[in-house]
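Peer 1:
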Amino acid sequence: MLKTNICGVNFKNPLMLAAGVLGSNASSLNWVLKSGAAGVVTKSFSKEPNTGYKNPTTVGVDCGIINAIGLSNPGVDNFIEEIRRVETGEGEVLIASIYGATPDEFSFLVEKIQDDVDMIELNISCPHAMAGCGAAIGQDPNLTHKIVSATKDASNVPIIAKLTPNVTDIGEIAKSAEDAGADALTLINSLGPGMKINIDVAKPVLSNRFGGMSGKAVKPIAIRDVFVVYDTVDIPIIGVGGISNYEDVVEFIFAGARGVQIGTSIMNKGVEVFNSINKDLENFMKEKGYKSIDEMVALAHEEL
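Spelled out as structure tokens, the structure:
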């Protein structure tokens, strides 16, 4: 009943771990899979190691968090060993999140890891990435096209482009990614950047001053972006942003998503959130008479 298919890859349910949360090592990724997720996305990594920003890198705010980690990672040569220790079963999917500043960097990473993963997600949308990376790419339709095209040419696994909401027209960016060959899209990355100031010392809390906003507060924007992009492209959409219960998942599916990613809510509910949502989602579907996820995708688009 909960099975879904995204560009030819089978998922036992629509739930995945979002990039950046519990995705730094194989043990945590395996833990999430055992906790009911059908897919896991690694922490974003690059060609060379990156130390990221100094602490503090995360701060809680009303209805979410602001983070500016700076895409810290050990580099592909070190991280690939963790990837190879991830254990997936039937209907479980391993997705690598990669980032870089040039088409060549992305292509290098794809060629390096594609034999060890099921799909690759391009982080071209992080609002607190180092210069030339993240949203600096995803806010430009031409750069988006170049990066997606280069990675698609190098890849023998499906390519997912993760897009930023911090644009004037997300449909334009989505269409550019599709035209370049993206097999699917993830919507959305964190919003902002935003900021929090410590009033006791009159200083920004984060060492980078600004960071990406995630959590419940961004869900309405994510839902809207999924809804808009569904009418713009013909490739599958994965929704992400503020998901903490089955109602949130249903909203994303009705907006047009075939799967969803969960991140910030794990900080409050733990990895148990996956099994909990799966159980509640199945009960909802039985109660409403839905026999499959396919029946539910984009129902909010039907004319009244």
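Residue numbering for the sequence shown follows the numbering used here, beginning at -5 and increasing consecutively.
Just so you know, even glycine gets a beta-carbon here, dropped at the ideal spot from N, CA and C.
Might you give, ordered along the chain, the residues of its own chain that have their beta carbon closer than 7 Å to the beta carbon of D173, omitting 5 neighbours on each side?
Peer 2: Position 179 of the sequence shown holds residue 173. A distance below 7 Å between beta-carbons, with the five flanking residues on each side excluded, links D173 to the following residues of its chain, in chain order: H139.
Peer 1: Secondary structure at N269, three-state DSSP: helix, strand or coil?
Peer 2: Locating residue 269 in the sequence shown gives position 275, counting from the first residue. N269: helix per DSSP, three-state reduction.
Peer 1: Where in the segment 1 to 65 do unbroken runs of the alpha helix (DSSP H), each at least 4 residues long, occur, reported from the N-terminal end onward?
Peer 2: 20 to 28
Peer 1: How would you label H295, buried or exposed, when you count the other beta carbons within 10 angstroms and need 16 or more for buried?
Peer 2: Against the sequence shown, residue 295 aligns to sequence position 301. Under this definition H295 is an exposed residue.
Peer 1: Take the Cβ of R252 as the centre, count every other Cβ of all protein chains shown within 10 Å, and call the residue buried at 16 or more, exposed below.
Peer 2: For the purposes of this step, residue 252 is identified with residue 258 of the sequence shown, where counting begins at 1. With 16 or more other Cβ atoms within 10 Å, it is buried.
Peer 1: So, helix, strand or coil for M261, using DSSP?
Peer 2: Within the sequence shown, the letter at position 267 stands for residue 261. Correct three-state label for M261: helix.
Peer 1: Among the candidates G46, D110 and F100, whose CA atom is the shortest distance from the CA of I74?
Peer 2: For the purposes of this step, residue 74 is identified with residue 80 of the sequence shown, where counting begins at 1. Closest option to I74, Cα to Cα, is D110.
Peer 1: At 3 residues or longer, what runs of the beta strand (DSSP E) sit wholly inside the segment 148 to 202?
Peer 2: 153 to 157, 178 to 181 and 185 to 188
Peer 1: Assign L336 to one of three DSSP states: helix, strand, or coil.
Peer 2: Absent from the model: residue 336. The displayed extent of the chain is -5 to 298, so no value can be given.
Peer 1: Which term fits C311, buried or exposed, when burial requires 16 or more other beta carbons within 10 angstroms of its beta carbon?
Peer 2: Coverage of the chain is limited to positions -5 through 298, which leaves residue 311 absent and any answer about it impossible.
Peer 1: Closest by CA to F5, which one among G30, S22, K210 and A13?
Peer 2: Counted from its first residue, the sequence shown places residue 5 at position 11. Nearest C-alpha to F5: G30.
Peer 1: Using 8 Å as the threshold, is the segment 13 to 31 in touch with the segment 255 to 274, meaning 3 or more CB pairs across them?
Peer 2: Enough Cβ pairs lie closer than 8 Å, so yes.
Peer 1: Classify M324 as helix, strand or coil using the three-state DSSP reduction.
Peer 2: The question about residue 324 has no answer here: the residues shown for the chain are numbered -5 through 298.
Peer 1: Have a look at the DSSP bridge pairing and note the partners of L300.
Peer 2: With the chain covering only -5 through 298, there is no way to say anything about residue 300.
Peer 1: Which stretch, first to last residue, makes up the alpha helix (DSSP H) that contains G132?
Peer 2: One-based indexing of the sequence shown puts residue 132 at position 138. A129 to G132 is the extent of the alpha helix (DSSP H) around G132.
Peer 1: Just how far apart, CA to CA, sit I287 and I247?
Peer 2: Locating residue 287 in the sequence shown gives position 293, where the first residue counts as 1. Locating residue 247 in the sequence shown gives position 253, where the first residue counts as 1. Straight-line Cα distance between these residues: approximately 8 Å.
Peer 1: Kindly give me the distance between the Cβ atoms of A12 and V35, rounded to whole angstroms, as I take these residues to be in contact under 8 Å.
Peer 2: On the sequence shown, residue 12 is found 18 positions in, with the first residue counted as 1. On the sequence shown, residue 35 is found 41 positions in, with the first residue counted as 1. A12 to V35, Cβ: 6 Å. Contact.
Peer 1: Compare the Cα-Cα distances from S299 to each of A144, I114 and N136 and report the closest residue.
Peer 2: This structure gives no information on residue 299, because the portion of the chain shown stretches from -5 to 298.
Peer 1: Just reading off the beta strand (DSSP E) that I231 is part of, what are its end residues?
Peer 2: Taking the sequence shown and counting its residues from 1, one reaches residue 231 at position 237. Here the beta strand (DSSP E) through I231 covers I231 to V234.
Peer 1: Quick check on the burial criterion: 16 or more other C-beta atoms within 10 angstroms. Buried or exposed for A196?
Peer 2: Along the sequence shown, read from residue 1 onward, the residue named residue 196 stands at position 202. Classification of A196: exposed, given that the 10 Å Cβ count is below 16.
Peer 1: Here's the rule I'm using: 16 or more other beta-carbon atoms within 10 Å means buried, otherwise exposed. How should E289 be labelled?
Peer 2: As a first step, residue 289 must be located in the sequence shown, where it is residue number 295. E289 comes out exposed.
Peer 1: How many Å lie between K156 and I118 at the Cα?
Peer 2: Taking the sequence shown and counting its residues from 1, the one referred to as residue 156 is at position 162. Taking the sequence shown and counting its residues from 1, the one referred to as residue 118 is at position 124. Rounded to whole angstroms, K156 to I118 spans 6 Å at the Cα level.
Peer 1: Within the continuous alpha helix (DSSP H) that includes S238, where are the two ends?
Peer 2: For the purposes of this step, residue 238 is taken as residue 244 along the sequence shown, with counting starting at 1. Here S238 belongs to no alpha helix (DSSP H), and DSSP marks it neither H nor E.
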